[in-house]
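Asks: My questions all concern the structure below.
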Amino acid sequence: MATTQQFCTFFLEDQFFGVPVQQVQEVIRYQEMTRVPLVPPVIRGLINLRGQIVMAIDLRRRLGMPDRPESELPMNVVVRTEDGAVSFLVDEIGDVLEADEQNFEHPPETLQGQARDLVHGVYKLADRLLMELDIAQATIAEEGNKGADLA
Amino acid sequence: MSDDAAIVKEFLVESYENLDRLDQDLVALEKDPGSRETLASIFRTIHTIKGTSGFLAFNQLEALTHAGESLLARLRDGLLPLSAEITTALLVMVDAVREMLRSIEASGKEGHRDDQSLIATLTRLLEPQSANRPTEPQPAEALAQPPAQSGGMSGTVAAEQDADDLHHPDEALSEKTPVKTPEAVDAAHVQQARGAGASDSTIRVDVGQLDRLMNRVGELVLLRNQIVQYTNSTEDSELLGTSQRLNLLTTELQEGVMKTRMQPIGNIWSKFPRTVRDVAVGCGKLVRIEMEGKETELDKTIIEAIKDPLTHLVRNAVDHGIEAPEVRRAAGKPPEGLLFLRAFHEGGQVNIEVTDDGAGLDYDKLRNKALQKALITADQAARMTEREITNLIFLPGFSTAEKVSNVSGRGVGMDVVRTNIEKIGGTVDVQSKPGQGSTVRMKIPLTLAIIPALIVTTAGDRYAIPQVSLLELVRLEGDQARKGLELVNGAPVYRLRGKLLPLVYLRQELKAEIPAGDVLEAQSVNIVVLRADDRPFGLIVDEINDTEEIVVKPLSKQLKSINTYAGATIMGDGKVALILDVLGLAQRASVVSEVRDRAVVEKDNKHALSLGGAHQRSAVLLFQHGEEGRMAIDLSVVARLEEFPRDSVEIAADKEVVQYRGQIMPLVRVSDVLESTQQNTLDKSQDSLQVVVYTHNGRSVGLVVDRILDIVEESFVVQRQSARQGVMGSAVIQKRVTDILDVPGLIAVAQCHETAVAAQV
Numbered sequence: 001m002a003t004t005q006q007f008c009t010f011f012l013e014d015q016f017f018g019v020p021v022q023q024v025q026e027v028i029r030y031q032e033m034t035r036v037p038l039v040p041p042v043i044r045g046l047i048n049l050r051g052q053i054v055m056a057i058d059l060r061r062r063l064g065m066p067d068r069p070e071s072e073l074p075m076n077v078v079v080r081t082e083d084g085a086v087s088f089l090v091d092e093i094g095d096v097l098e099a100d101e102q103n104f105e106h107p108p109e110t111l112q113g114q115a116r117d118l119v120h121g122v123y124k125l126a127d128r129l130l131m132e133l134d135i136a137q138a139t140i141a142e143e144g145n146k147g148a149d150l151a
Numbered sequence: 152m153s154d155d156a157a158i159v160k161e162f163l164v165e166s167y168e169n170l171d172r173l174d175q176d177l178v179a180l181e182k183d184p185g186s187r188e189t190l191a192s193i194f195r196t197i198h199t200i201k202g203t204s205g206f207l208a209f210n211q212l213e214a215l216t217h218a219g220e221s222l223l224a225r226l227r228d229g230l231l232p233l234s235a236e237i238t239t240a241l242l243v244m245v246d247a248v249r250e251m252l253r254s255i256e257a258s259g260k261e262g263h264r265d266d267q268s269l270i271a272t273l274t275r276l277l278e279p280q281s282a283n284r285p286t287e288p289q290p291a292e293a294l295a296q297p298p299a300q301s302g303g304m305s306g307t308v309a310a311e312q313d314a315d316d317l318h319h320p321d322e323a324l325s326e327k328t329p330v331k332t333p334e335a336v337d338a339a340h341v342q343q344a345r346g347a348g349a350s351d352s353t354i355r356v357d358v359g360q361l362d363r364l365m366n367r368v369g370e371l372v373l374l375r376n377q378i379v380q381y382t383n384s385t386e387d388s389e390l391l392g393t394s395q396r397l398n399l400l401t402t403e404l405q406e407g408v409m410k411t412r413m414q415p416i417g418n419i420w421s422k423f424p425r426t427v428r429d430v431a432v433g434c435g436k437l438v439r440i441e442m443e444g445k446e447t448e449l450d451k452t453i454i455e456a457i458k459d460p461l462t463h464l465v466r467n468a469v470d471h472g473i474e475a476p477e478v479r480r481a482a483g484k485p486p487e488g489l490l491f492l493r494a495f496h497e498g499g500q501v502n503i504e505v506t507d508d509g510a511g512l513d514y515d516k517l518r519n520k521a522l523q524k525a526l527i528t529a530d531q532a533a534r535m536t537e538r539e540i541t542n543l544i545f546l547p548g549f550s551t552a553e554k555v556s557n558v559s560g561r562g563v564g565m566d567v568v569r570t571n572i573e574k575i576g577g578t579v580d581v582q583s584k585p586g587q588g589s590t591v592r593m594k595i596p597l598t599l600a601i602i603p604a605l606i607v608t609t610a611g612d613r614y615a616i617p618q619v620s621l622l623e624l625v626r627l628e629g630d631q632a633r634k635g636l637e638l639v640n641g642a643p644v645y646r647l648r649g650k651l652l653p654l655v656y657l658r659q660e661l662k663a664e665i666p667a668g669d670v671l672e673a674q675s676v677n678i679v680v681l682r683a684d685d686r687p688f689g690l691i692v693d694e695i696n697d698t699e700e701i702v703v704k705p706l707s708k709q710l711k712s713i714n715t716y717a718g719a720t721i722m723g724d725g726k727v728a729l730i731l732d733v734l735g736l737a738q739r740a741s742v743v744s745e746v747r748d749r750a751v752v753e754k755d756n757k758h759a760l761s762l763g764g765a766h767q768r769s770a771v772l773l774f775q776h777g778e779e780g781r782m783a784i785d786l787s788v789v790a791r792l793e794e795f796p797r798d799s800v801e802i803a804a805d806k807e808v809v810q811y812r813g814q815i816m817p818l819v820r821v822s823d824v825l826e827s828t829q830q831n832t833l834d835k836s837q838d839s840l841q842v843v844v845y846t847h848n849g850r851s852v853g854l855v856v857d858r859i860l861d862i863v864e865e866s867f868v869v870q871r872q873s874a875r876q877g878v879m880g881s882a883v884i885q886k887r888v889t890d891i892l893d894v895p896g897l898i899a900v901a902q903c904h905e906t907a908v909a910a911q912v
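If you're matching them up, the sequences are chains F and Y in order. Per my numbering, the first sequence starts with residue 1, numbered consecutively. Per my numbering, the second sequence starts with residue 152, numbered consecutively.
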């Protein structure tokens, strides 16, 4: 019996990621952010989402990828977490896709670096691979520069 | 099912309220055992709980309250005198009832308890204790007994309101006993029976609901701010008018919603008479509690936040502050101590004071304790002022209680009180007079949700600083900006009215990258003078924008863990601004490190001169002495500088005096006293006298000097101790050797001199 799950998908560099659609509050275009000094650089700032203050995490930085060129504005994927809403900054938004549980596989051992903790698993789609992001892990803002400031 | 649950919930809420009143009533009753009104009120409360618990089939609860009710009926009817034993038993019963209610709240059941011994105690107390009881009430007792029983039975079958009615015959019967019920009590009773009427004008609202409402209103306020900002730039008068009305309405709505969250402080105070009684009985003291300003209102979240600190202060005052009756008597005070609670509004804040008329703080004991715990050094201890010693009690792990009682003295007290109060933006302060008692004063903001704040800009970002920590703003321009800031071994400071203010650059603290093209040597310097933990410091920001009412939004846990931010807010233009946590920032910048450092620094500043030799910056007044000589006076002893016309000098008792501010002020000519070899030629040729006014113990003395030169602030060392009386020593000030005057010494010399002269005459 095939069970399927819906994913909200997005791109980082040319990689294809997704998060379960039930956890996504909304997807919005680039918002102006307020920098938060002294926090790890993964946290890009705070966004005013209709009166709600939401922390924005740059997934590129979280995954240890190079920063996107300044001319390209990121999109916001706002997800619900236990500690309130958090926004993921991504390059581009993809479609909402349905993925079959049968096509799920745990990430290969060869997956290294920061992605190792963040990728929950891989769905083998017809034309490409979809990496499911571990939201709880992704919202931990400790990557990037670890000792950003502990003083 | 849900209906039942709702009824139980209502029963719980109502009963809790009733029990709180019961505590108060019982304590009041002990003070005034004859008050039938209080007794009637207590009786009704227990009766209601009993009736309802019977109705809801909480049998244990019913049995217990029934035993209590029977005892109360006797008391009310004057068949039993109230004794401390009875009061205690009744209070224990109230506690048991409360426990059961809690268990019902948690599990829906009364829980397995054994109240048999308590019920037995209550029943035993019912019996006349000795044969010397008057015989007269016997028949009445017999009469009173069965109806009380039937009252209990009725509770199980009848609804609550009926129980009250059924109760009437019981009361009517007892009224046949010699004791007369005043009409007033009866009227009050009727009113109570109709108590349900009160619910017509008030409703209970879930706090969560109010919180959500408050959040929405907060958002509305922000939206309003944005709209007002947009429309201000428009020509459309209709739109402008509409936005103005929106503005007004939003403000009213905000005030209205905030009001719904306000609660009188009496809500938490109402528990204190019981607390005080328990603590006082526990440590064998007599304490009376008085309150003023019960109706003072505070936001619910604040009420919650101050509940524990306040309770601690009250217990502390009874346990440590107020002395045992015999000690008080020996000190000539009434044996009963007074604990006074006072609350009032002042300047947008609420002041709460807890005053006791006890022994006050024992400074020597505090000092020794701090020494013993190695919180301060012996050197510091010797130099601390009373005020500084008082502040010691706020240090973690500090307790002067000789033995740890179960009430206080565990060393987790005052520092927690202070932390909790400061967490909500309040301040705590202690004043104490040995032998007369102490007062703890708290200043608390009215609400936490919306606070006034100063908006500043640094490195292109706006930050909000809560106004409660703000002392003043200083702006230095041009020359001042370049020269005003000085370094003490690399640490920037500013001289604010003669005192050194440590400076903190917000840019540096926030590690802000300096945007390209930004010139650091700005034309002006903006210093925001803030107070953290009673220690002032200056925060240098790029720009000071405005003050605004801001809506405080919490930050996610990850951001909260950095102590620099207290929250965030949304500005009029819709952008987010961070709220700075002043205390956290100060700690980060090491402005506030250890209390002991602070104490020492302040002392050193103050006494650099009098101690001599200490290498410190001090402000001195320079004046000319003779033709070549220069002398200096420590500026801190100078009250005023005056100039008197020569002919205003009069002679009284052979001394030169002038009329000054309605007083006769003696003049002392510095050059005469110092018997200077320098001829004071300048003096004679002048038409006026330059006088330095020195005030001591309310008396002023004018020091006549040749010519006032300057006021300078320099660091210097008093190098040569002088043998001359009235001169402290010499130092190099402004690259010239300058004698430093010892003013009190000089005046003493002058007086000797004069008496000597007078004796000769």
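Where a beta carbon is used, it is the ideal one built from N, C-alpha and C, also for glycine. The structure displayed is predicted, hence computed values, not measured ones.
#1: Taking just the CA atoms, how far does Y/F491 sit from Y/A295?
#2: Closer than 8 Å by beta-carbon distance: list the chain Y residues that pair up with F/V39, in chain order.
#3: How should F/R50 be labelled, buried or exposed, when 16 other C-beta atoms within 10 angstroms of its C-beta is the threshold for buried?
#4: Measuring straight from C-alpha to C-alpha, what distance separates Y/R253 and Y/R264?
#5: What is the rounded straight-line gap between the Cα of F/L118 and the Cα of F/T34?
#6: What is the DSSP secondary structure of Y/G914, reduced to helix, strand or coil?
#7: Does Y/E721 come within less than 8 Å of chain F when only Cβ atoms are used?
#8: If we define contact as Cβ-Cβ less than 8 Å, is F/V153 a contact residue for chain Y?
#9: Is Y/V727 close to chain F? Criterion is C-beta to C-beta, closer than 8 Å.
#10: My understanding is that Y/V248 touches Y/T216, with C-beta atoms under 8 Å, so please give their C-beta distance in whole angstroms.
#11: Could you give the uninterrupted runs of the beta strand (DSSP E) lying entirely in the segment 623-659 of chain Y, keeping only those of 3 residues or more?
#12: Please list the terminal residues of the continuous beta strand (DSSP E) segment that includes Y/Q211.
#13: Express the C-alpha separation of Y/V702 and F/F11 in angstroms, rounding to a whole number.
#14: How is the beta strand (DSSP E) around Y/K520 delimited, first residue to last?
#15: List, in chain order, every chain F residue whose beta-carbon is nearer than 7 Å to that of Y/D612.
#16: Are the beta-carbon atoms belonging to F/V78 and F/V54 less than 8 Å from one another?
#17: When you compare only the Cα positions, how much space is there between Y/T447 and Y/I503?
#18: Which of the three DSSP states is assigned to Y/M251 in this structure?
#19: Which partner residues does Y/S504 have in the DSSP bridge list?
#20: Going straight from the alpha carbon of Y/V883 to that of Y/L638, what length do you get?
#21: Note down, in chain order, each residue of its chain lying with its Cβ closer than 6 Å to the Cβ of Y/E474, except the 5 sequence neighbours on either side.
#22: Output, in sequence order along the chain, the residues in the segment 66-100 of chain F whose CB is closer than 8 Å to any CB in chain Y.
#23: Which complete beta strand (DSSP E) runs does the segment 400-443 of chain Y hold, if anything under 3 residues is left out?
#24: To the nearest whole angstrom, what separates the beta carbons of Y/V505 and Y/V469, a pair I think is in contact under 8 Å?
#25: Where F/T81 and F/A136 are concerned, what is the direct C-alpha to C-alpha distance, given to the nearest angstrom?
#26: For F/L46, would you say it is in contact with chain Y, using Cβ-to-Cβ distances shorter than 8 Å as the test?
#27: I want to know whether the segment 722-736 of chain Y touches the segment 633-647 of chain Y - three or more CB-CB distances under 8 Å.
#28: Please report the straight-line C-alpha distance between F/E26 and Y/T402, rounded to a whole angstrom.
#29: Note down, in chain order, each residue of its chain lying with its Cβ closer than 6 Å to the Cβ of Y/T846, except the 5 sequence neighbours on either side.
#30: Counting only the same chain and skipping the five closest in sequence on each side, list residues whose C-beta sits under 8 Å from that of Y/S589.
#31: If you compare alpha carbons, which of Y/A529, Y/M816, Y/Q267 and Y/P796 is closest to Y/A803?
#32: 8 Å is my cut-off, CB to CB: does F/G51 come that close to chain Y?
#33: If you measure between the beta carbons of F/I43 and F/F88, is that distance less than 8 Å?
#34: Residues of chain F with a CB under 7 Å from the CB of Y/L661: which are they?
#35: In chain order, what residues of the same chain have a beta carbon less than 8 Å from the beta carbon of Y/S186, not counting five sequence neighbours either side?
#36: Is Y/E250 close to chain F? Criterion is C-beta to C-beta, closer than 8 Å.
Replies: Here's the rundown:
#1: Residue numbering aside, residue 295 of chain Y sits at position 144 when the second sequence is read from its first letter. Residue numbering aside, residue 491 of chain Y sits at position 340 when the second sequence is read from its first letter. Residue confidence for Y/A295 is low, a pLDDT of 38 falling below 50, so the modelled location carries little weight; the figure read from the coordinates is stated next. Approximately 42 Å between the Cα atoms of the pair.
#2: Residue mapping note: residue 39 of chain F aligns to position 39 of the first sequence, counting from 1. The contacting residues are Q709, L710 and I713.
#3: By 1-based counting over the first sequence, the position of residue 50 of chain F is 50. So F/R50 counts as exposed.
#4: The residue you call residue 253 of chain Y lines up with position 102 of the second sequence. The residue you call residue 264 of chain Y lines up with position 113 of the second sequence. If you take the alpha carbons of Y/R253 and Y/R264, they lie about 13 Å apart.
#5: Here residue 118 of chain F refers to the residue found at position 118 when the first sequence is read from its first residue. Here residue 34 of chain F refers to the residue found at position 34 when the first sequence is read from its first residue. Their backbone Cα atoms lie some 26 Å apart in a straight line.
#6: Outside the modelled stretch of chain Y, which goes from 152 to 912, sits residue 914 of chain Y, for which no answer is possible.
#7: Taking the second sequence and counting its residues from 1, the one referred to as residue 721 of chain Y is at position 570. Reading off the sequence shown, one finds Ile at residue 721 of chain Y, where the question assumed Glu. Closer than 8 Å to some Cβ of chain F, the Cβ of Y/I721 qualifies, so yes.
#8: Coverage of chain F is limited to positions 1 through 151, which leaves residue 153 of chain F absent and any answer about it impossible.
#9: As a first step, residue 727 of chain Y must be located in the second sequence, where it is residue number 576. It does; some Cβ of chain F falls within 8 Å.
#10: The residue labelled residue 248 of chain Y in the question sits at position 97 within the second sequence. The residue labelled residue 216 of chain Y in the question sits at position 65 within the second sequence. Contact holds; Cβ gap of about 6 Å.
#11: 636-639, 642-647 and 650-656
#12: What you label residue 211 of chain Y is simply residue 60 of the second sequence in a count that begins at 1. Unbroken run through Y/Q211 is the alpha helix (DSSP H), N210 to R227; no beta strand (DSSP E).
#13: Walking along the first sequence from the start, residue 11 of chain F turns up at place 11. Walking along the second sequence from the start, residue 702 of chain Y turns up at place 551. Computed Cα separation, rounded: 36 Å.
#14: Locating residue 520 of chain Y in the second sequence gives position 369, counting from the first residue. Premise fails: Y/K520 lies in the alpha helix (DSSP H), Y514 to Q523, not in any beta strand (DSSP E).
#15: Counting from one through the second sequence, the residue named residue 612 of chain Y turns up at place 461. T34 and R35, listed in chain order.
#16: To locate residue 78 of chain F, count along the first sequence from 1; it is residue 78. To locate residue 54 of chain F, count along the first sequence from 1; it is residue 54. Yes, Cβ-Cβ distance for F/V78 and F/V54 is below 8 Å.
#17: Residue numbering aside, residue 447 of chain Y sits at position 296 when the second sequence is read from its first letter. Residue numbering aside, residue 503 of chain Y sits at position 352 when the second sequence is read from its first letter. In a straight line, the C-alpha of Y/T447 is about 10 Å away from that of Y/I503.
#18: Counted from its first residue, the second sequence places residue 251 of chain Y at position 100. Correct three-state label for Y/M251: helix.
#19: Sequence index remark: in the second sequence, residue 504 of chain Y carries index 353 (1-based). The sequence shown places Glu at residue 504 of chain Y, not Ser. Bridge partners of Y/E504: Y/R493 and Y/R592.
#20: Locating residue 883 of chain Y in the second sequence gives position 732, where the first residue counts as 1. Locating residue 638 of chain Y in the second sequence gives position 487, where the first residue counts as 1. Roughly 21 Å separates the two Cα atoms.
#21: One-based indexing of the second sequence puts residue 474 of chain Y at position 323. Excluding sequence neighbours, Y/E474 sits near G509 and A510.
#22: D83, G84 and V86
#23: 413-415 and 438-443
#24: As a working mapping, residue 505 of chain Y is identified with position 354 in the second sequence. As a working mapping, residue 469 of chain Y is identified with position 318 in the second sequence. Incorrect: roughly 10 Å between the Cβ atoms, too far for contact.
#25: As a first step, residue 81 of chain F must be located in the first sequence, where it is residue number 81. As a first step, residue 136 of chain F must be located in the first sequence, where it is residue number 136. Their Cα atoms are separated by approximately 7 Å.
#26: As a working note, residue 46 of chain F is residue 46 in the first sequence. So, interface residue.
#27: no
#28: Counting from one through the first sequence, the residue named residue 26 of chain F turns up at place 26. Counting from one through the second sequence, the residue named residue 402 of chain Y turns up at place 251. Going by the C-alpha atoms only, they are around 31 Å apart.
#29: As a working mapping, residue 846 of chain Y is identified with position 695 in the second sequence. Excluding sequence neighbours, Y/T846 sits near A790.
#30: Position 438 of the second sequence, counted from the first residue, corresponds to residue 589 of chain Y. Once the five neighbours on either side are set aside, the close Cβ partners of Y/S589 are A468, G472, T506, D507, G509, G511, L512, V581, Q582 and S583.
#31: Indexing the second sequence from 1 puts residue 803 of chain Y at position 652. Checking every option, the nearest Cα to that of Y/A803 belongs to Y/M816.
#32: On the first sequence, residue 51 of chain F is found 51 positions in, with the first residue counted as 1. F/G51 counts as touching chain Y.
#33: Sequence index remark: in the first sequence, residue 43 of chain F carries index 43 (1-based). Sequence index remark: in the first sequence, residue 88 of chain F carries index 88 (1-based). For F/I43 and F/F88, no; Cβs fall outside 8 Å.
#34: The count along the second sequence starts at 1 and reaches residue 661 of chain Y at position 510. Result: P37 and L38.
#35: Along the second sequence, read from residue 1 onward, the residue named residue 186 of chain Y stands at position 35. Taken in chain order, the residues that qualify are A179 and L180.
#36: On the second sequence, residue 250 of chain Y is found 99 positions in, with the first residue counted as 1. Chain F, which has no Cβ nearer than 8 Å to the Cβ of Y/E250, makes this no.
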